[in-house]
Structure formats: C-alpha cells, structure tokens
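*Asks:* Please see the structure below; I have some questions.
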Amino acid sequence: MRILFAIPLVILSAQARAQVSFTADEVRVHQERIELITDTAAKCLDATYAEHVSFFRKYGVSKFYGDRRKDYETSAGRAAALRGYGLSEAKVAEILPQMKSTSCVGMTMDCLKKGFAAAGQSATWDKIYAHLKIDNKFYGTDLQKMLRGLGWRTLYWNPLPAKNAVWDVEDLEKNPPSAPGKWMPVWGGHAYRYNDVMKNGSYYKIPIDDRTTLVNFDEAVPQSFKRINFFVGTAHAGYHVFPGRLGQVIEAHSMREISSYDNLEYSDFNPLATGGGPRWTRTERYRSGVIVVPPGR
C-alpha cells in the first residue's frame, strides 16, 4: 500500500527571522583568512573527540552531557546520574567540575567560534551567534545561510534519490505523527525537498549552489569531498547538525546517557554505508540535507 502524506507549507517554511548582513570588509577578511578559520575549526573537532575518548577511558562516563536532557540540567542532576552508575562520592566530586554540555549544533558553534577568533573575526561570529540565539532556537540551517553570506557554498546531499519515496514511508512508520496531520521534524521529506532543489534550487529556504556533486553517489563518496578541510552539514531540514573534515563527520548528541561512549561519534561521511555518518539510530535515519563548504571549495 502506498502511503501519502502532505508537508504543510507552514512547517516547511523556515521561521521568518531578520536576515544577518555582513559588510564587504567582513566578507573579504573572512575569505582571505578562510584557511586559518577552517584549520582551527577542524583541529577543534579532533581535539574535542580526543578529549571525549580520553575522559571516557579514565572515568567510564562521558565528559560531555546532552544539553536537552532535563535530568542533566543541574549539577545535582548530573551528580545523581553519576552515583547511579556506581561511582564513589570522591569520583563524583572529581568528575563534576570537568563536565561540559554539548549538542550537535553546540559543538559545531564552539569550533567555528574558535576558527573565527583565530582569524580576528570574533565580532563577526558574535553577530552570527546573536542571530542563532534568538528564542534559543539555534537552527543549523540559519548557521548555514549565514556562512553562505560569507562566501561558503551550499551542496545538497542525497546518496540515492530513487529511494526518496521509500525513505519517506519509513520515516512515517518509524516516527508516526503525534497528532493527525502533524508534521514531525525528524522526517526527511526527501521527495518533496529533492524536487524543490531540482526545480527551484532551494532547500528549506536555503539557496543551493551545487545539486550534483553529493547526489546519487550511493556509497561511493566523491574524492573531491574528502579533500575539504572543514564543512557543516545538516540533515532533515536542520533536525540534526554534523560538522566534519576530510570526508569524516564528528557528531555530538544532546539526549544520550552520559554513560554512552557514543555521546560523541566519529565516522566517514557515507550515509548509506554500514557504520557511515551521519549515524543512524533506531528511529532516526539521516539520508538527505545540506552541507556548506568554505569559499573556493
């Protein structure tokens, strides 16, 4: 049986928010110093993951706790969780001050902030951050739009468009609507968004500069993509954000247990390959979206 569902335009349209503009000088400096910005951001990703691995091996829990977990909002809540894993009071006291909050977009912003600072563009980053912080939304798609305003290029990614309709049905089955007619943000809307990209050059109000390089590659990721030293990806209209470098993605998660080694994950960008990223979960299967790459890439 074929299952049909409509994508409400009110949900598809990104929230009306004032657009951030950059001066010609900001754009020029950004592009002149892009290697420093992206190299710094890439090193930040590697360092963050290494910090996670080292901490987990030492304590058996993650240094990074998800910022959407209500039970981890307070130090007392995190302490209770650590005690629940059998850690002594001395270990809890040792671990607590070292812990940091994280999320997929949070880690991305942290590393970009360092990149902008290294290039003397902290004021430009502050402008970006102020926009992202409106209503505490922190939309990854807004971040991509603003990077594009500084000269970054947008690539639509979809490894196998022939499967769009099948994927849409799977999304619906794995994540049924919470109310009749309600759109679920976790859904990819693959067929609709693919058609919008191909016909209108737009994905969730993001102008798309390249709709071929990362389309229909199946499990054979283009070598040219693996040479890009830093990128910012989103899946399913920003439901998930994943930064990466040199063909690999590093993902942070905002809802997992701190006892999970997979709070942060490192994998090759290859959505359909076993073990490839962005990583799937039992209910979330990321199979299309947008990636922004630095100017000149």
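For the sequence shown, counting from 1, position 230 maps to 220 in the working numbering; every step adds exactly one. Every residue gets a Cβ at the ideal spot worked out from N, C-alpha and C, and that includes glycine.
#1: Quick one: what does DSSP say leucine 2 is sitting in, helix, strand or coil?
#2: Pick out whichever of Gly279, Trp157, Asn126 has its Cα sitting closest to the Cα of arginine 58.
#3: Can you give me the C-alpha to C-alpha distance between isoleucine 218 and glycine 76, rounded to a whole angstrom?
#4: Is it the case that the region 49 to 58 contacts the region 241 to 251, given that we only count it when at least three CB pairs across the two stretches are under 8 Å?
#5: Ignore the nearest five residues each way along the sequence and tell me which others in lysine 164's own chain have a CB closer than 6 Å to its CB.
#6: Taking proline 149 as the reference, give the member of Ser214, Gly67, Lys172, Phe207 with the closest Cα.
#7: Assign methionine -9 to one of two classes, buried (16 or more other C-beta atoms within 10 Å of its C-beta) or exposed (fewer than that).
#8: Does the Cβ of arginine 73 have 16 or more other Cβ atoms within 10 Å, making it buried, or fewer, making it exposed?
#9: Strictly by DSSP, which residues pair up with arginine 235?
#10: Grouping DSSP H, G and I as helix and E and B as strand, with all else coil, what is glycine 105?
#11: What separation, rounded to the nearest whole angstrom, lies between the Cα atoms of alanine 108 and leucine 102?
#12: Which value, in whole angstroms, describes the spacing of the CA atoms of proline 212 and leucine 236?
#13: Which residues in the same chain as tyrosine 193 place their Cβ atom closer than 7 Å to its Cβ, once the five residues preceding and following it in sequence are excluded?
#14: For the alpha helix (DSSP H) that arginine 47 lies in, which residues bound it at each end?
#15: Valine 17 and glycine 139: beta carbons closer than 9 Å?
*Replies:* Per the coordinate set shown:
#1: Residue placement at leucine 2 is poorly supported in this model, since its pLDDT is 39, which falls under 50; the coordinates are not used for a value here.
#2: Asn126
#3: 43 Å
#4: yes
#5: Thr273
#6: Phe207
#7: At methionine -9 the pLDDT is 36, less than 50, meaning the model places this residue with poor confidence and gives no usable figure here.
#8: exposed
#9: Gln238
#10: helix
#11: 10 Å
#12: 11 Å
#13: Tyr146, Arg183, Asp186, Val187, Val280
#14: 24 to 49
#15: yes
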